[in-house]
DNA sequence: AATGAATGAGGTTTCATTCAT
DNA sequence: AATGAATGAAACCTCATTCAT
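Protein chains in written order, with my numbering: chain A, 64 to 241; chain B, 64 to 241; chain C, 64 to 241; chain D, 64 to 241.
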């Protein structure tokens with residue numbers, strides 16, 4: 064059993080059964096190991112949780128994302144959407160998102176991470192819309208305003224695993240494409 | 064001590080200290096009462112929580128909201144915004160919102176309530192935008208799309224107590240007012 | 064089960080089985096009660112121990128002791144000896160003495176109490192010897208010096224339950240009686 | 064890492080942090096080694112402790128001590144005092160003394176060792192006082208009695224690291240020197 | 001000579017709950 | 001209407017020890 068295996072299982076429990084079901088007993092049992100063994104790898108339950116945060120903060124929140132703006136608007140938007148959907152449906156990331164959504168009201172770190180996650184979507188949205196607008200492919204006047212609205216919608220749908228997100232994005236394209 | 068007093072204090076703890084800090088001990092102590100006394104009023108902790116849900120589902124989620132569309136668009140939107148802000152900043156409601164946000168990943172009822180809450184905002188937004196659009200006061204073509212985006216943004220800002228919500232709404236008005 | 068009963072049993076365990084055998088499990092079992100019940104009466108194990116200290120500090124260390132110096136030297140010394148022996152053989156006090164002797168190297172409070180206990184013996188010894196000396200019944204020149212030596216010997220014998228303490232005191236009287 | 068290094072560090076922990084802080088984990092960590100490594104050198108924690116006892120019983124308690132009684136009383140006493148102070152302040156011995164003082168109520172071996180240690184002081188004191196008395200340099204009649212008192216005082220002061228021990232011995236000399 | 005990994009036993013504490021009063 | 005007292009279950013954690021490598 065490695066640190067990573069423990070973290071993975073801990074994440075799985077948090078996402079599938081809920082944060083408050085993550086107990087050292089449950090974790091040990093799920094790993095087919097005795098409780099005490101967990102303490103060989105981690106000093107405390109808290110350390111496990113902090114490591115989960117760290118792991119994902121260093122990964123998910125620092126993902127870079129490049130778009131080829133020479134492509135048509137359809138393609139640009141589809142690419143972005145795929146990118147986001149992949150991020151949010153990725154097994155590992157979904158653990159993190161579940162964690163911070165459950166803990167954001169209680170744990171300042173989670174709260175900050177929720178903010179960062181939203182900001183990631185918003186800033187990427189703005190970059191895309193800005194570019195498309197500048198290249199006169201979008202009939203949008205107030206880009207920052209539109210970006211905020213677009214990002215909010217996308218963010219909410221991603222977090223809630225709302226499957227109609229594709230439909231929304233296509234609608235958006237249709238409506239604002241010049 | 065009444066059922067209501069217990070519920071109020073339980074809500075306060077959930078909102079101010081977090082759901083997992085709501086223990087029968089903490090609740091009793093906060094009420095200046097012994098633990099056992101709580102069981103005179105409620106059969107279990109679960110009953111307290113379910114009652115909290117019920118109380119707010121019957122109140123907050125069924126709030127009706129009427130707008131006087133004879134007023135100018137500014138006034139209509141301002142009124143709606145005030146209405147929403149009042150709802151979300153209301154002490155009692157903030158308890159509920161905090162509860163469902165903390166429990167939505169774990170508790171199906173909370174998940175459903177989060178959905179309902181969002182829907183409330185969305186349907187009211189749509190009604191307003193629809194009306195303003197029909198009366199030609201808004202330059203919006205696709206009202207459902209715009210409503211979704213508007214509602215998502217407003218909802219996120221309300222939940223996060225983002226104080227720039229006024230600014231957002233005014234920007235929106237400026238941009239889409241004919 | 065009362066607080067006092069718990070304290071009594073805790074003391075008994077410390078004295079008879081050793082400080083490190085005082086566990087909440089052992090204590091509960093000895094009292095015919097479940098572990099959790101102890102926490103109704105005390106917030107923590109530490110609280111039990113501090114209460115043991117307090118109980119005895121307020122009792123044993125503040126014992127007043129009056130001697131009738133009109134009696135003969137034999138009687139005065141016998142009385143003092145009985146007084147001390149009673150104190151040290153008293154069941155409750157022996158618990159405290161055992162506690163502080165076991166903890167004095169680890170726990171500052173115990174260390175201070177050991178000091179106080181010795182001082183009690185020393186100051187009472189000095190008072191007695193001083194009086195007997197002033198009334199010319201003792202052939203002692205340097206009373207403080209002699210008191211210190213006498214008190215040290217008595218203290219060590221009391222703590223170690225050395226049964227030859229009577230013999231020592233009688234020897235002392237014989238030797239220094241005018 | 065040698066057996067001796069382990070014993071030294073174990074002793075250091077006992078003296079500086081207290082017997083109950085001596086855990087195999089703490090010991091290993093202090094030695095910059097993994098827990099399991101300790102079991103290469105010792106079969107058990109108990110073996111470490113027994114070895115500590117043995118080591119010091121064979122050393123400290125069997126120390127011989129010779130005095131040159133041709134010197135003046137001042138010198139004889141000063142020499143004895145230095146001898147004792149050196150023993151008790153010696154780093155290695157202080158470990159042992161701390162150990163037996165902490166364990167004497169719990170561990171019979173410690174109890175016996177405390178007795179032996181005291182006896183060492185007492186018998187050496189008696190030898191000195193006897194000699195000085197026989198050679199008419201002390202105005203002491205009952206040497207055994209005086210020795211016991213002197214030894215008790217010295218012992219207590221040594222164990223408690225009472226720095227006024229010099230003052231006490233000088234007072235004693237002044238008072239009983241012929 | 002050392003250690004990575006695991007573990008059984010047991011430690012303190014918290015929790016929701018019960019029940020006689 | 002309230003509570004004093006108790007409790008089973010389970011939480012987190014520590015400890016000495018083992019064993020294959």
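All C-beta atoms in this analysis are idealised placements derived from N, C-alpha and C, irrespective of residue type, glycine included. Just so we're clear, the structure is a prediction, and the values are computed from it rather than from any experiment.
### Query
Who are the neighbours of residue 211 (chain A) on chain B, taking C-beta pairs under 8 Å?
Simply 216 and 231.
### Task
Note down, in chain order, every chain C residue with its Cβ under 7 Å from the Cβ of residue 59 (chain D).
One cannot answer for residue 59 (chain D) here, as it falls past the ends of chain D, which runs 64 to 241.
### Query
If you follow the alpha helix (DSSP H) that residue 259 (chain D) is part of, which residue opens it and which one closes it?
This structure leaves residue 259 (chain D) out entirely; chain D is present only between 64 and 241.
#### Entry: Residues bridged to residue 201 (chain A) [DSSP beta-bridge criterion]
Residue 201 (chain A) pairs with A:240.
### Message
If contacts are defined as beta-carbon pairs under 8 Å, then residue 241 (chain D) and residue 199 (chain D) qualify, I think. What distance do you get, rounded to the angstrom?
### Response
7 Å between Cβ atoms; contact.
### Contacting residues, own chain, Cβ-Cβ under 8 Å from residue 201 (chain D) (five flanking each side not counted)
Here the set comprises 136, 192, 195, 239, 240 and 241.
### Task
Answer yes or no: does any C-beta atom of chain B fall closer than 8 Å to that of residue 208 (chain A)?
Yes, residue 208 (chain A) lies at the interface with chain B (some Cβ there is under 8 Å from its Cβ).
### Query
For residue 110 (chain C) versus residue 94 (chain C), is the C-beta spacing smaller than 8 Å?
The answer is no: Cβ separation not under 8 Å.
### Message
Between residue 168 (chain B) and chain A, is the shortest Cβ-Cβ distance under 8 Å, so that the two count as touching?
### Response
At least one chain A Cβ lies under 8 Å of residue 168 (chain B).
### Query
Between residue 74 (chain B) and chain A, is there a C-beta pair that is closer than 8 Å?
No - not a single Cβ of chain A is within 8 Å of the one on residue 74 (chain B).
### Query
Which residues, in order along the stretch 163–188 of chain A, keep a beta-carbon less than 7 Å from a beta-carbon of chain B?
Against chain B - using a Cβ distance shorter than 7 Å - the residues of the stretch 163–188 of chain A are 164, 165, 168 and 169.
### Task
Assess, as a yes-or-no matter, whether the stretch 78–89 of chain C is touched by the stretch 152–165 of chain C under the definition of 3 or more beta carbon pairs within less than 8 Å.
Remark: three or more beta-carbon pairs, one from each stretch, lie closer than 8 Å, so the stretch 152–165 of chain C and the stretch 78–89 of chain C are flagged as touching.
### Message
Rounding to the nearest angstrom, what Cα-Cα distance links residue 138 (chain A) and residue 190 (chain A) in this structure?
### Response
Their backbone Cα atoms lie some 15 Å apart in a straight line.
### Query
Closer than 8 Å, Cβ to any Cβ of chain D: which residues of the stretch 115–140 of chain C, in chain order?
Cβ contacts with chain D: none found.
### Query
When the Cβ atoms of the stretch 210–220 of chain D are set against those of the stretch 207–225 of chain C, are three or more pairs found closer than 8 Å?
Contact between the stretch 210–220 of chain D and the stretch 207–225 of chain C is present: 3 or more CB-CB pairs across the two stretches fall below 8 Å.
### Query
By the 10 Å Cβ neighbour count, where 16 or more other Cβ atoms means buried, how is residue 4 (chain A) classified, buried or exposed?
This structure cannot speak to residue 4 (chain A), because chain A is shown only from 64 to 241.
### Query
Between the Cα of residue 70 (chain A) and the Cα atoms of A:188, A:112, A:232 and A:168, which residue gives the shortest distance?
The shortest C-alpha separation from residue 70 (chain A) is found at A:112.
### Query
When you compare only the Cα positions, how much space is there between residue 97 (chain B) and residue 91 (chain B)?
When the Cα atoms are used, residue 97 (chain B) and residue 91 (chain B) turn out to be separated by approximately 6 Å.
### Message
The alpha helix (DSSP H) that contains residue 222 (chain A), what's its start and end?
### Response
Taken as a continuous stretch (DSSP letters only), the alpha helix (DSSP H) holding residue 222 (chain A) covers 206–222.
### Query
Which same chain residues, not among the five before or five after residue 184 (chain A), have their C-beta less than 8 Å away from its C-beta?
For residue 184 (chain A), same chain residues with a beta-carbon under 8 Å away, outside a window of 5 residues either side, are 147, 214, 217, 218 and 221 in chain order.
### Query
Count the other CB atoms within 10 Å of the CB of residue 165 (chain A); is the residue buried (16 or more) or exposed (fewer)?
By the neighbour-count rule (16 or more Cβ atoms within 10 Å), residue 165 (chain A) is buried.
### Query
At least one CB of chain B closer than 8 Å to the CB of residue 235 (chain A): is that the case?
Yes, its Cβ sits closer than 8 Å to a Cβ of chain B.
#### Entry: Residues within the stretch 82–110 of chain D neighbouring chain C, beta-carbon criterion of under 9 Å
Correct list: 82, 83 and 84.
### Contact with chain B by residue 195 (chain A), beta-carbon distance below 8 Å
Taking CB atoms only, residue 195 (chain A) has no neighbour in chain B less than 8 Å away.
### Residue environment, residue 176 (chain C), which counts as buried when at least 16 other CB atoms sit within 10 Å
Buried, by the Cβ-count rule.
### Task
Check the Cβ of residue 161 (chain B) against every Cβ in chain A and list those closer than 8 Å, keeping chain order.
Correct list: 168.
### Query
Are residue 116 (chain A) and residue 172 (chain A) touching if we call contact CB-CB under 8 Å?
At the C-beta level, residue 116 (chain A) and residue 172 (chain A) come within 8 Å of one another.
### Message
Nearer than 7 Å: is that true of the beta carbon of residue 116 (chain B) relative to any heavy atom of the ligand NAD?
### Response
Absence of the ligand NAD from the depicted structure is noted, as is the absence of any ligand whatsoever, leaving it without description.
### Task
Would you please state the rounded distance, in angstroms, between the beta carbons of residue 225 (chain B) and residue 169 (chain A)? I believe it to be under 8 Å.
At roughly 19 Å, the Cβ-Cβ gap does not stay under 8 Å, so residue 225 (chain B) and residue 169 (chain A) are not in contact.
### Task
Taking all protein chains shown into account, decide if residue 44 (chain B) is buried (16 or more other Cβ within 10 angstroms of its Cβ) or exposed.
Examination of residue 44 (chain B) is not possible in this model, given that chain B is present from 64 through 241 alone.
### Message
Using beta carbons (cut-off 8 Å, strictly below), is residue 205 (chain A) in contact with chain B?
### Response
Yes - at least one Cβ of chain B is within 8 Å of the one on residue 205 (chain A).
### Message
Can you check which of these residues, A:203, A:108, A:99 and A:102, is closest to residue 74 (chain A) by C-alpha distance?
### Response
The candidate whose alpha carbon is nearest that of residue 74 (chain A) is A:108.
### Query
When you compare only the Cα positions, how much space is there between residue 123 (chain C) and residue 180 (chain C)?
In this model, residue 123 (chain C) and residue 180 (chain C) are separated by some 8 Å (Cα to Cα).
#### Entry: Candidates D:174, D:237 and D:208: closest to residue 223 (chain C) by CA position
Taking each of D:174, D:237 and D:208 in turn and checking the Cα distance to residue 223 (chain C), the smallest one comes out for D:174.
### Task
Specify the secondary structure class of residue 177 (chain D) as computed by DSSP and reduced to three states.
It is helical.
### Task
Would you mind working out which of B:230, B:228, B:186 and B:208 sits nearest residue 127 (chain B), comparing C-alpha positions?
Measuring C-alpha to C-alpha distances from residue 127 (chain B) to each of B:230, B:228, B:186 and B:208 identifies B:186 as the nearest.
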